[in-house]
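For reference, the structure discussed in these notes is given below.
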Amino acid sequence: MYKYFFINQNFINMKNKPKILDTSFGKRLASVRKSKGITQVELAKKVKTTQRVIAYYEGETDHIPTNLLVPIAKALRVSVDELVGLKKESISSSKHASLWRKLKKAEHLPPKDQKAVIHYIEALLAKS
Numbered sequence: 000m001y002k003y004f005f006i007n008q009n010f011i012n013m014k015n016k017p018k019i020l021d022t023s024f025g026k027r028l029a030s031v032r033k034s035k036g037i038t039q040v041e042l043a044k045k046v047k048t049t050q051r052v053i054a055y056y057e058g059e060t061d062h063i064p065t066n067l068l069v070p071i072a073k074a075l076r077v078s079v080d081e082l083v084g085l086k087k088e089s090i091s092s093s094k095h096a097s098l099w100r101k102l103k104k105a106e107h108l109p110p111k112d113q114k115a116v117i118h119y120i121e122a123l124l125a126k127s
């Protein structure tokens, strides 16, 4: 069974985090922010804090700022669950959601057609 989060003085202590939280909050925050093409400075402005604060939380901290959690999630257009790692990032929030949806559909093609798709993608990537 999952252990509960401990809320203490405006932070959520993640030391007893559920196993589904495979990366730290900081790594997840940085990953989501970068995938959205947002700098630390831009995110800081959106949540009315400083770049230094964002950099701190993107470090290996086990404390999630409860007062910034919702504003950060809103600024990045993800759910709080996604941000703290309780739910994987949805493809619809991905920068290239259309591409991912099409690739997902390609999984249902016959193996011969899947190989053709892979070869075509590899040929395009080799050109760039």
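The opening residue of the sequence shown carries number 0 in numbering that gives the first Met the number 0; numbering runs sequentially from there.
No residue lacks a Cβ here, since even glycine has one placed at the ideal position from N, Cα and C.
Asked, Found
"Whole angstroms are fine: how far does the CA of L102 sit from the CA of K111?", "15 Å"
"I need the straight-line Cα distance from L123 to K47, nearest angstrom please.", "42 Å"
"Does the beta-carbon of Y56 have 16 or more other beta-carbons within 10 angstroms, so that it is buried, or is it exposed?", "buried"
"Are the beta-carbon atoms of R32 and L75 separated by less than 8 Å?", "yes"
"Evaluate A72 with the Cβ neighbour count: other Cβ atoms within 10 Å of its Cβ, from every protein chain shown; 16 or more gives buried, anything less gives exposed.", "buried"
"Between A105, S97, V52 and E81, which lies nearest to L67 when the distance is taken from Cα to Cα?", "V52"
"Taking only three categories from DSSP, how would you classify H107?", "coil"
"According to DSSP, what are the bridge partners of H118?", "In the DSSP output, where bridge partners are listed per residue, H118 has none listed."
"Thinking C-alpha only, which one of Y119, H62, A54 and S30 is nearest V135?", "With the chain represented from 0 up to 127, any question about residue 135 goes unanswered, as that position is not in the structure."
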